[in-house]
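Input: a single structure, listed below in structure tokens.
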Ligand SMILES: Nc1nc2c(c(=O)[nH]1)N[C@H]1C(S)=C(S)[C@@H](COP(=O)(O)O)O[C@H]1N2
Ligand SMILES: [Mo]
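Written out as structure tokens, the structure reads:
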């Protein structure tokens with residue numbers, strides 16, 4: 067068969083991608099005007115739709131006014147890269163399948179049979195190590211808090227364009243694997259070794275460049291306690307999307323360092339300049355700013371949303387009374403020293419009680435009691451401080467960066483306190499009750515007829 071491409075990219079557009087971006091804005095003008103009429107934009111000037119170019123481009127779209135309007139492409143990215151389930155934030159370990167996912171390209175379909183990794187570069191003894199050999203080595207099991215560096219991207223104004231995370235890109239699986247340091251020591255680092263590069267089996271295109279997902283660590287970081295090659299999570303073989311059959315786990319760094327579907331470990335005598343290192347994962351202030359590399363996790367905390375959820379707005383409903391507020395806190399720059407909670411939108415804060423983390427790289431549970439009698443709407447937040455004195459910012463303006471990285475601003479959970487909340491599930495069939503003015507409560511089913 068001899069196929070013609072559906073469209074031929076004009077050479078002019080290959081060199082000036084911004085031309086096509088401008089045209090997309092024009093095409094979306096009508097939709098933006100519609101949104102304006104419904105009052106979802108604050109000013110006519112900013113009535114642009116969040117947009118991703120219609121074809122691969124050599125540069126990321128510029129950060130765009132954060133109208134909380136998400137394009138179809140961002141929505142598809144969010145489906146592929148789903149978040150964790152915050153309702154399980156009372157569990158020290160994230161249940162299997164409830165961890166967030168971040169997959170840049172496609173999940174490679176790998177088999178454990180014949181799987182081996184190549185250890186090479188600036189080492190005395192390059193070698194290939196089979197999965198069986200790796201599993202026969204010293205085995206460790208550790209809960210490790212993982213967090214995507216893009217967490218909080220949707221809290222920035224304007225916001226960088228990639229997976230539009232709020233606070234969902236977190237999880238704390240219990241990983242089983244073997245420490246990396248002895249493997250590197252046995253291979254024998256040569257004197258000129260400066261970094262260790264980890265290459266995954268997945269390849270794709272980003273910033274116009276085809277490459278395998280690969281990231282490096284400085285030697286000192288690669289040799290740290292806790293860095294492991296993991297083949298299991300929560301006692302099960304890695305799920306395909308989490309890196310089966312083997313991945314790297316780098317405890318204190320943001321998630322991008324924990325390379326999945328590990329193919330090779332290469333010791334380098336110069337810093338790695340690949341796409342995912344030199345271009346992506348930088349705290350950049352502008353398009354021309356090379357930025358500084360994103361490395362360890364910033365101090366952060368999240369709350370288990372209390373009460374019942376509204377299906378669409380995710381607002382919470384609770385009855386007046388006493389409520390346990392609880393959640394998790396962590397930091398890559400020290401231990402969690404303090405967590406404060408506010409139930410009035412950040413006007414006042416009270417200290418929460420800290421629990422014991424499940425290990426040196428796990429998150430720290432916190433809890434406090436909320437006594438509320440007055441019906442109405444409340445905004446709940448938590449704010450962590452670590453032993454290095456780092457504290458979560460109240461606004462993301464101070465930490466704004468072009469790629470939307472490291473967004474550890476405090477979270478704001480809207481809660482409606484209302485009498486009678488929680489009664490609908492007390493019997494079966496349930497007793498629906500009106501929670502929102504104007505809602506139509508369905509008639510109760512005729513149970514007597516059913517049992518005859
Ligand atoms: N090979 C490979 N490793 C990867 C990625 C990837 O796309 N390919 N994504 C990275 C990023 S950005 C994050 S945040 C974590 C996510 O791990 P998880 O999907 O298991 O939660 O994996 C990292 N390792
Ligand atoms: Mo990530």
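Residue numbers (the numbering used here): 67 to 518. Even for Gly, the Cβ is constructed at its ideal location relative to N, Cα and C.
Alpha carbon of residue 189 to alpha carbon of residue 258, nearest angstrom: In this structure, the straight-line span from the alpha carbon of residue 189 to that of residue 258 is close to 10 Å.
Pairwise C-alpha distance: residue 329 and residue 395: A direct Cα-to-Cα measurement between residue 395 and residue 329 gives close to 33 Å.
Cut-off 7 Å between Cβ atoms - residues of its own chain near residue 451, not counting five sequence neighbours on either side: Only 365, 403, 404 and 457 meet the Cβ criterion.
Residue 221 (DSSP reduced to helix, strand or coil): Here residue 221 sits in helix by DSSP.
Any non-hydrogen atom of ligand 2 closer than 8 Å to residue 321 Cβ: Yes, the beta carbon of residue 321 sits closer than 8 Å to at least one heavy atom of ligand 2.
Cross-strand partners of residue 193 (DSSP beta bridge): The partner list for residue 193 (beta bridge, DSSP) reads 185.
At least three beta-carbon pairs within less than 8 Å, the region 408-423 to the region 436-447: The region 408-423, when compared against the region 436-447, does touch it at the 8 Å Cβ threshold.
N-terminal and C-terminal residue of the beta strand (DSSP E) that residue 399 is part of: Here residue 399 belongs to no beta strand (DSSP E), and DSSP marks it neither H nor E.
Residues of its chain near residue 88, where Cβ-Cβ distance is below 7 Å and the 5 sequence neighbours each way are ignored: Any answer about residue 88 is weak, because its pLDDT of 37 lies below 50 and its placement is not dependable; what the coordinates show is given next. Result list for residue 88: empty, nothing under 7 Å.
For residue 288 and residue 174, the rounded distance between their alpha carbons: Distance from the CA atom of residue 174 to the CA atom of residue 288, rounded to whole angstroms, is 25 Å.
Beta-carbon proximity check, residue 260 vs residue 319, cutoff 9 Å: No, the pair does not count as a contact, with Cβ atoms beyond the cut-off.
Assigned exposure category for residue 185 - 16 Cβ within 10 Å defines buried: Buried: at least 16 other Cβ atoms inside 10 Å.
Rounded C-alpha distance that separates residue 346 from residue 501: If you take the alpha carbons of residue 346 and residue 501, they lie about 45 Å apart.
Segments of 3+ residues assigned as beta strand (DSSP E) that fall wholly inside the region 118-204: If we require 3 residues or more, the beta strand (DSSP E) runs fully inside the region 118-204 come out as 182-187 and 193-196.
Proximity below 9 Å, CB of residue 301 to CB of residue 242: In contact: residue 301 and residue 242 (Cβ atoms closer than 9 Å).
Cβ separation of residue 230 and residue 144, assumed to be a contact under 8 Å, to the nearest whole Å: For a cut-off of 8 Å, the C-beta gap from residue 230 to residue 144 is around 6 Å, short enough to register as a contact.
Exposure label - residue 504; buried when at least 16 CB within 10 Å: So residue 504 counts as exposed.
Proximal residues to residue 234 (C-beta, below 7 Å), its chain only, five neighbours per side dropped: Taken in chain order, the residues that qualify are 149, 150 and 166.
Beta strand (DSSP E) runs wholly inside the region 221-273, at least 3 long, in chain order: Runs of the beta strand (DSSP E) lying entirely within the region 221-273 and spanning at least 3 residues, in chain order: 236-245 and 261-272.
Run of the alpha helix (DSSP H) containing residue 287, from where it starts to where it stops: For residue 287, the uninterrupted alpha helix (DSSP H) segment begins and ends at 285-288.
Given 8 Å, three or more beta-carbon pairs between the region 207-224 and the region 413-427: Touching, per the Cβ criterion.
Nearest residue (CA-CA) to residue 367, options 134, 194, 204 and 479: Here the closest residue by C-alpha is 479.
Of the residues 406, 418 and 387, the one placed nearest residue 437, counting alpha carbons only: Closest by alpha carbon: 387.
For residue 267, the nearest candidate out of 482, 177 and 509 (CA to CA): Selected option, being the one with the closest Cα: 177.
Own chain partners of residue 512 with C-beta closer than 7 Å, once the 5 adjacent residues on each side are dropped: Taken in chain order, the list of residues that qualify is empty.
Paired residues, beta bridge with residue 278 - DSSP: Note: residue 278 sits in a beta bridge opposite 269.
Residue 528 to residue 510 span [Cα, whole Å]: Here the chain has residues from 67 to 518 only, and residue 528 is not among them.
Whether residue 220 touches residue 132 by CB criterion (9 Å): It is a contact, given that the beta carbons lie within the stated cut-off.
Proximity test, residue 519 beta-carbon vs ligand 2 heavy atom, cut-off 8 Å: Because the chain spans 67 through 518 in this model, residue 519 falls outside it and cannot be assessed.
Rounded C-alpha distance that separates residue 196 from residue 162: Rounded to whole angstroms, residue 196 to residue 162 spans 26 Å at the Cα level.
Spatial distance of residue 371 from residue 170 (CA atoms): Distance between the alpha carbons of residue 371 and residue 170 is about 29 Å.
With 16 other Cβ atoms within 10 Å as the buried cut-off, status of residue 467: Taking all protein chains shown into account, residue 467 has 16 or more neighbouring C-beta atoms within 10 Å of its C-beta and is therefore buried.
Environment of residue 495 [buried if 16+ CB atoms lie within 10 Å]: Exposed, since its Cβ has fewer than 16 Cβ neighbours within 10 Å.
Any non-hydrogen atom of ligand 1 within 8 Å of residue 267 CB: Under cutoff, so the answer is yes.
Proximity winner among 223, 199, 227 and 181, relative to residue 142 (alpha-carbon distances): For residue 142, the closest C-alpha among the options 223, 199, 227 and 181 is that of 227.
CB of residue 295 within 9 Å of CB of residue 249, strictly: Against a cut-off of 9 Å, the Cβ pair of residue 249 and residue 295 comes out as a contact.
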